[in-house]
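Protein chains: 4
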Amino acid sequence: MGLMSSQDYVNSLKDGREIYYRGTKVYDVTQHEVLRSAVNHASLIYKLQENEKTRDLFVYKDDNFGYSSKFYKIPRNGNDLMERFNLIYETSKMGRGSFDVIKGIGSDAIFALMIITKKIDSYLKTRYYENIMKFYEYVIKNDLGLAVAQTDVKGDRDLRPFEQEDKDLYLRIVDKNKDGIIVRGAKSHITQAPVANEIIVLPTRNMSEKDKDYAVSFSIPPNTKGLKMISKPLKAVETSLNDPWFVLGKENMETQSLIIFDDVFVPWERVFLAGEYQFAGPLAVMFPTFHRFTAISYRAVIGDLLIGLGKLLAELNGIDDKSHIRRDIVDMIKYKEILRESALAASLYAEIDEDTKIAVPNRVFTNIGKLISNETYLNVVKDLVEIAGGLADTLPSTQDFYNEEEARYLKKYLVGKKGTDPLTRSKILSLTRELLSSLGAFFTTIMIHAEGSIEASVIELYRSYNYDESKKLAYYASGISDEMP
Amino acid sequence: MGLMSSQDYVNSLKDGREIYYRGTKVYDVTQHEVLRSAVNHASLIYKLQENEKTRDLFVYKDDNFGYSSKFYKIPRNGNDLMERFNLIYETSKMGRGSFDVIKGIGSDAIFALMIITKKIDSYLKTRYYENIMKFYEYVIKNDLGLAVAQTDVKGDRDLRPFEQEDKDLYLRIVDKNKDGIIVRGAKSHITQAPVANEIIVLPTRNMSEKDKDYAVSFSIPPNTKGLKMISKPLKAVETSLNDPWFVLGKENMETQSLIIFDDVFVPWERVFLAGEYQFAGPLAVMFPTFHRFTAISYRAVIGDLLIGLGKLLAELNGIDDKSHIRRDIVDMIKYKEILRESALAASLYAEIDEDTKIAVPNRVFTNIGKLISNETYLNVVKDLVEIAGGLADTLPSTQDFYNEEEARYLKKYLVGKKGTDPLTRSKILSLTRELLSSLGAFFTTIMIHAEGSIEASVIELYRSYNYDESKKLAYYASGISDEMP
Amino acid sequence: MGLMSSQDYVNSLKDGREIYYRGTKVYDVTQHEVLRSAVNHASLIYKLQENEKTRDLFVYKDDNFGYSSKFYKIPRNGNDLMERFNLIYETSKMGRGSFDVIKGIGSDAIFALMIITKKIDSYLKTRYYENIMKFYEYVIKNDLGLAVAQTDVKGDRDLRPFEQEDKDLYLRIVDKNKDGIIVRGAKSHITQAPVANEIIVLPTRNMSEKDKDYAVSFSIPPNTKGLKMISKPLKAVETSLNDPWFVLGKENMETQSLIIFDDVFVPWERVFLAGEYQFAGPLAVMFPTFHRFTAISYRAVIGDLLIGLGKLLAELNGIDDKSHIRRDIVDMIKYKEILRESALAASLYAEIDEDTKIAVPNRVFTNIGKLISNETYLNVVKDLVEIAGGLADTLPSTQDFYNEEEARYLKKYLVGKKGTDPLTRSKILSLTRELLSSLGAFFTTIMIHAEGSIEASVIELYRSYNYDESKKLAYYASGISDEMP
Amino acid sequence: MGLMSSQDYVNSLKDGREIYYRGTKVYDVTQHEVLRSAVNHASLIYKLQENEKTRDLFVYKDDNFGYSSKFYKIPRNGNDLMERFNLIYETSKMGRGSFDVIKGIGSDAIFALMIITKKIDSYLKTRYYENIMKFYEYVIKNDLGLAVAQTDVKGDRDLRPFEQEDKDLYLRIVDKNKDGIIVRGAKSHITQAPVANEIIVLPTRNMSEKDKDYAVSFSIPPNTKGLKMISKPLKAVETSLNDPWFVLGKENMETQSLIIFDDVFVPWERVFLAGEYQFAGPLAVMFPTFHRFTAISYRAVIGDLLIGLGKLLAELNGIDDKSHIRRDIVDMIKYKEILRESALAASLYAEIDEDTKIAVPNRVFTNIGKLISNETYLNVVKDLVEIAGGLADTLPSTQDFYNEEEARYLKKYLVGKKGTDPLTRSKILSLTRELLSSLGAFFTTIMIHAEGSIEASVIELYRSYNYDESKKLAYYASGISDEMP
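So the protein lines, in turn, are chains A, B, C and D. Note that the numbering used here numbers the first sequence so that position 429 is 429, with each residue one more than the last. Count along the second sequence from 1, add 485, and you get the number used in the numbering used here. Count along the third sequence from 1, add 970, and you get the number used in the numbering used here. Count along the fourth sequence from 1, add 1455, and you get the number used in the numbering used here.
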């Protein structure tokens, strides 16, 4: 017990879990040519815990559990949240711009479950809080890696869960007995499930009484019988197999899966919600609040990567002093720093949950950061492409640089600003191309949809904003009221 | 000495200062039908100091000077800056969305002068720091109101000061003697000079050696011989004279003036720069850093006012549940809260000047907030107009509501959402119309140009950003470097 | 009969019509200090008909009616629509950027009524088409000026007409007899009604059977008993009274009114719809199709004015060669020329109504132009303000330029680019300021709401677009279908 | 002679041309696993000429040359340009959204060369016009496929060609003799050169006298000695090899190459410019004018594809009635139809070259369309991704659908709106993913950079716009001038 070694973590994944990749069953995820990039990326956090230089950033001594991962430290105030921002931010830099989600997402879910189960128990005399606290203890003591499965496949978006023709289009309880529950359905877009030690399941939306079989939350190991994971194709990893320059693809990719629950059994002690439909909504909102805070923290690093590529390309291309290029780069700076600002404000204006004393990131600032990162990501990509020029697509392949005869020409003709190195320029351009191609669908979709759609954040912001102060000012300014705001 | 009463402040303005308004000389600014709105607005801070309920927000006990205005408290750390944000923010709310600049801008200039004169003295063995410190003591002890004159009229924008055909297009020293200097020129867009006790003059740009007569900074009272102030027409105040509903126009307008310096004498003890051209640039940049922080603080309140008007109109019009209206209001929320976030981040990441121990707002975050407020203000206005509908222009006049025969129809036909009051709706619409008309040129130009143009912030951000971290990440992610960032 | 002289037109307005301005009854609109600007502006078209140089643009010889206004020429094909675009475009330039709507809007309504009444008669055996054709003959023969009243005051936007608490919140038929109908209600934002010879009334939306009393269309003269017009305050005209520089305000302003129908009688021969609720929707959509074509035609000229002001200010300020200023002006060019393009495409892809052989502007292109003009107008204003600089607000008043002592300073200090005239610069800046202030609410609201809101155009575009071709391509490209599109 | 058959076209490519792909020499481009998609795509035009149903669209009978490709028909007026728009538009639809450039780009270059060489000959008594006319005859008679090489590799962007350290960074004449010229250098981003019959070379920018060796234009066959083509990696084709659903990748990809000119000989009769530096600029601008017209024509079809995908996904996902989705799709409609409008206006306002009577697309409208397509493409992609949802990235691979066990789950769980087919939805999502990934760098870079950068169009628009009319209006409106515009 205590911190898990990176080797133990990798070994822990060889447990018979049922994974499919491009139509083929994967027998050992750690040995799979493609998926092992996801294993490697997830193991980064464990390696950083082992590394003397980085250990202090990742490990703290918990009063109850001894040396533990900082990801599992319960935030009690604004400073804890700022520290959590920093943890996620630094991890993402060390992951070459790719966040290692294996502990972040699970802890987001656990904190949300702590808060909501406490309320359920208090209102309905259930005993879920005990379950989540024991589960938390199990996770922190064993330093486990976690996935979180929230989004259902949803079928017809106009119908509620119980109204769907096929009743399984939202995950549901099909049976209960004294030992546990049996669930059926599927969860979409689930990150890193094939390389997790546990999968935490959450409801995806609010539920009415008729939907009560769909109000379900629990945790199970990925090798549970009946659970099947179909990974999306990982183009970035596949591309990297033949491209010695593309280390990010080889080392730091995560995988998203469709998870099938084909009548899966969950023991009662791992159940956190089972029918209490009134709390599906609150839980479905509380998790994203934590997780969107995580999102703006790691997205700031994607902003960093874009700034780095953009500024280097501007310098290497020798257009660093052009007014329109300056504007592009300032756009990138805004993109990144608004995320940092939002995280800061979300921390400082955190709300402390009364029952559990957990610090919840401020909803308004969290969603502002998240919304802006959704809406403007592709605009920043446009900036990058504007700076990069046509070679962002037409750069010859890495293999051409390894063919001596061609390489002679490439080094001669792909020079940029006097004194700069054509190979450096080509490598920066090559990564830029991967961002737009093998990483394109992933980054674009993540930045627009992950942790909730644009519309979801708009609605959340609209609802959660307190208009009182603004209205008071409007009444005063318009002469309707004499009361100074 | 000590805090000035609001009555004393008003009386202090009757000192023979030379002001013009719409082609006519103004003999007593405090009695002038229009300009007295500017007097009234400026006096707000003094009234709030007198008011028991608000005194604590505005007054602190200084170790050296006793009870003093908080605007003159030198910021020493991030918390002081956050307190200053709050001071400006609350003042602006109490001013119906209009900031009372009479102490804010002057203190911004004084802090900048403290930092820069210290450096000049240290490099060039001058004695300006002593002058600014004595001036500061004079200001804080007498609780004075201040204006700051920075922007020159500039003539041909392609030419440096010394290259202009007319040498007076930037303010310059035309003579020096043992008692002081004689200056000639004009400063543009100067806020609240006719109602200030002192006018602090700063250089508008960096200067070369040939420009050294233009490198000049000092402070003088507005009634100094040769100083003439031509106020812009104040449409909002003029409008309010016949409009009982428009209190903001009547009570809370500031005035901008063109100030002519027709061979004005300044005694040496009030001179802070006189020829040390190398420091004109640093001073021209340091003041806006403080002042842009002030800007994002007061602009957050303009955001508040827009949110208040927008949300009320959405409710009164009965379109509060429309998706596109929700989007408009969320835009407004983003506008305002990014300003608050930026101020917060600028405070927490403040840089402490080594020599003077003054906390300077972080340049990156300050300029991000400022830039966004410039670029997106009219987009938020578009949102407001979209919500308000055509009545934002076509609402009958206030006088129509006072004509009984018409009023009968207006009350019948200008109802909105069931149960809401047509007069409330009309008053909110009326203020909305003023924002677009009598306040339109003022608000639009302020939000786009005040405290520096869009391009000025773009250049400042581009220059002051530290790209090292981002580049390191790009090198690591692209496989050029193995060093983890 | 035949073309009306401008003098006869002015005299025709002295007919006892009931108008209110700022709470006071207006006894003769042609003599009213403010409203006479609207009279003057409307009379422009009549003057241009009299003017030898411009007559050919405005007058054609109709086969049935002899020399007639081209505004009343029924469009039969794309070329006719392009000629109509040109007519509106040139009229607006001659109106200093302000369209003279007095014949354009009425003809838009008449064409729509011809098409729809034909259909009503054909379906329901009514005889409205004859009424509109006779009315058309009356209008063209007497060369009348027209207003169109469509927008109801609407009350609670969530309720249909018949559901409103006060039944009069949409204009409705309160009685019918053998001579005609009696109507009650109010219409909002009606342009130039106080200076029209007839007011054409149209329904504002689709109607259900229960709303059938609200399905009403007719025309009446403005001096009809029970009809009262409350003009909005015309700030631009009021401002111009004391400002010799501001000719646009003095000469070319239109007025918008709230029109009260206090049990107004309409004879049957002037009724075009009275209860046929099924056709309220089609009529409510057909008129805007014509009128939005008119809108994009005149808005192109507002674009022209912005380009002219922007380019001149860039040159006068001496910043014509700056990259960000270039960008601003290119934005303006795009704004204007997309409107011209849209009008062109809407003409060339016109739909010819089968029954009446009237050419209807293409709905997609018309709405695209209209939508873009709504959404981006304030962005172009931002460009203009960025170019103009702070003087767009802080320029001294015209009166200051007439005070000799001040004028001496102003001419010295308000110079721009070497060799340019400070008075020219000041006048261009002065007009820019009026656009942002006395004209601000008018222009902003017009450009965002006139001829339908942004959302209205979005919905119209979404509905009227033919997706077949695009879907076929998507099926082919995705391999679902082998049929080449 | 006359029209070439598609089979002859394919055979014509087996001529020993020197091509590299991923570091390996390609011996027969028509047999190469990847590049044959480019061959196939280029041959589409020849197949359509052979196809009875489509022949009339592609073939016309030329007075001099008999049955010829319509791409080679010289445009003489607006209608010819509109026909050319239609030709390109329809070709692109038949190419699954991908334009078959093999005749379009070459004819754009030939038309530009005709106009400019005529002027050179007239000014400098050269004989280039004869050369281009003979070349044109050769091309049209043999129905050849063409590539155009304009963009040099450029080295340091701050230096002119002759100032570069390595003199070869712009293509230059290194020797001349009685038979012809020898050229050295490299051209970047050249489309379809490996599958062309001739490569036309144009200068990339204006030149000074010192750059005169760089002022060079000519045409040569791709198998000319010393000419080497390095193709970019074609990810879309590679992806399609294992993906039976991805027909667009398999059938319709073009290739971009870096072309090396290693001391290549060009006979005089194929030289169109050789040292007349004054005409490098005009030629460098005239070609893009034609080619940007081509660009807005084919880009309209990419708009079509996006609309088709977006609308289908909205329907299949069951979110077709959501306000924010409607907005996304209307954005797409605007994107596409502005391109069509611009092409229309550019045709109708064409300028006829006086000397050659060739119709040149209007520069303002062409560049407006082009600029908007550059600036807003990624915004439309954002719309598409917003509609598509997370499956745009996380959809399982095609192979998963072919594994029966998985397919059972996929068909059950990937259903959308009631009654729609999960496989149809998956295929549309699959193509969407390819647009964002294997096609991502290509489409994004093309849409932002092809046919000139954003900044190039901004500068071109700024320069070519005629401001006279706008200024006249501004002078009139501001009261400076009394002359009616």
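From the three backbone atoms N, C-alpha and C, an ideal C-beta is built for every residue, glycine too.
Query raised in the report: Closer than 8 Å, CB to CB, is residue 478 of chain A near chain C or not?
Result: no
Query raised in the report: Per DSSP, what kind of secondary structure is residue 714 of chain B in: helix, strand or coil?
Result: strand
**Report entry** Residues of the region 1133-1159 of chain C with Cβ closer than 9 Å to any Cβ of chain B, in chain order
**Finding:** 1134, 1135, 1136, 1138, 1139, 1155, 1156, 1158 and 1159
Query - Below-8 Å beta-carbon distance, residue 323 of chain A vs any chain C residue - result: yes
Query raised in the report: chain A beta carbons: is any one of them nearer than 8 Å to that of residue 1612 of chain D?
Result: yes
Requested in this report: Under the assumption that residue 904 of chain B contacts residue 802 of chain B (Cβ atoms under 8 Å), give the Cβ distance between them as a whole number of angstroms.
Outcome: 13 Å between Cβ atoms; not a contact.
Query raised in the report: What residue ranges within the region 251-338 of chain A form continuous alpha helix (DSSP H) runs of no fewer than 4 residues, ordered along the chain?
Result: 280-317
Requested in this report: Out of B:783, B:728 and B:747, state which residue places its alpha-carbon closest to the alpha-carbon of residue 590 of chain B.
Outcome: B:783
Requested in this report: To the nearest angstrom, report how far apart residue 434 of chain A and residue 442 of chain A are at their CA atoms.
Outcome: 11 Å
Query raised in the report: Where residue 1096 of chain C and residue 1244 of chain C are concerned, what is the direct C-alpha to C-alpha distance, given to the nearest angstrom?
Result: 10 Å
Requested in this report: Determine, using beta carbons only, whether residue 1040 of chain C comes closer than 8 Å to chain D.
Outcome: no
Query raised in the report: Is the Cβ of residue 241 of chain A closer than 8 Å to any Cβ of chain B?
Result: no
Report task. Would you mind reading off the limits of the alpha helix (DSSP H) that contains residue 1862 of chain D? Result -> 1859-1868
Requested in this report: Go to residue 1024 of chain C, then tell me how far its alpha helix (DSSP H) extends in each direction, as first and last residue.
Outcome: 1022-1028
Query raised in the report: Would a C-beta distance cut-off of 8 Å place residue 1837 of chain D and residue 1912 of chain D closer than the cut-off?
Result: no
Query raised in the report: Of the choices D:1665, D:1651, D:1600 and D:1602, whose alpha-carbon is the least far from that of residue 1622 of chain D?
Result: D:1665
Requested in this report: Out of A:189, A:397 and A:460, state which residue places its alpha-carbon closest to the alpha-carbon of residue 1847 of chain D.
Outcome: A:189
Query raised in the report: With 16 as the cutoff for other CB atoms within 10 Å, does residue 1722 of chain D come out buried or exposed?
Result: exposed
Query raised in the report: To which residues does DSSP link residue 1799 of chain D through a beta bridge?
Result: For residue 1799 of chain D, which the question treats as bridged, DSSP gives no partner whatsoever.
Query raised in the report: What is the DSSP secondary structure of residue 645 of chain B, counted as helix, strand or coil?
Result: coil
Requested in this report: Using a Cβ cut-off of 8 Å, pull out every chain C residue sitting near residue 938 of chain B, in sequence order please.
Outcome: 1356 and 1359
Query raised in the report: Applying the criterion that 16 or more other CB atoms from any shown protein chain within 10 Å of the CB defines a buried residue, is residue 1201 of chain C buried or exposed?
Result: buried
Query raised in the report: DSSP on residue 382 of chain A, reduced to helix/strand/coil?
Result: helix
Query raised in the report: Of all Cβ atoms in chain A, is any one closer than 8 Å to the Cβ of residue 1475 of chain D?
Result: yes
Report task. With distances taken Cα to Cα, identify the nearest neighbour of residue 1565 of chain D among D:1504, D:1811, D:1494 and D:1709. Result -> D:1811
Query - Under 9 Å from the C-beta of residue 776 of chain B: neighbouring residues of chain C - result: Chain C residues near residue 776 of chain B: none, gap ~14 Å exceeds 9 Å.
Requested in this report: Tell whether a beta-carbon distance below 8 Å holds between residue 1490 of chain D and residue 1649 of chain D.
Outcome: yes
Query raised in the report: Would residue 1816 of chain D be called buried (16 or more neighbouring beta carbons within 10 Å of its own) or exposed?
Result: buried
Report task. Provide the residue span of the beta strand (DSSP E) that contains residue 1523 of chain D, from first to last. Result -> 1521-1524
Query raised in the report: Since residue 1673 of chain D is in the alpha helix (DSSP H), which residue starts that stretch and which ends it?
Result: Per DSSP, residue 1673 of chain D belongs to no alpha helix (DSSP H); it is in the beta strand (DSSP E), 1671-1675.
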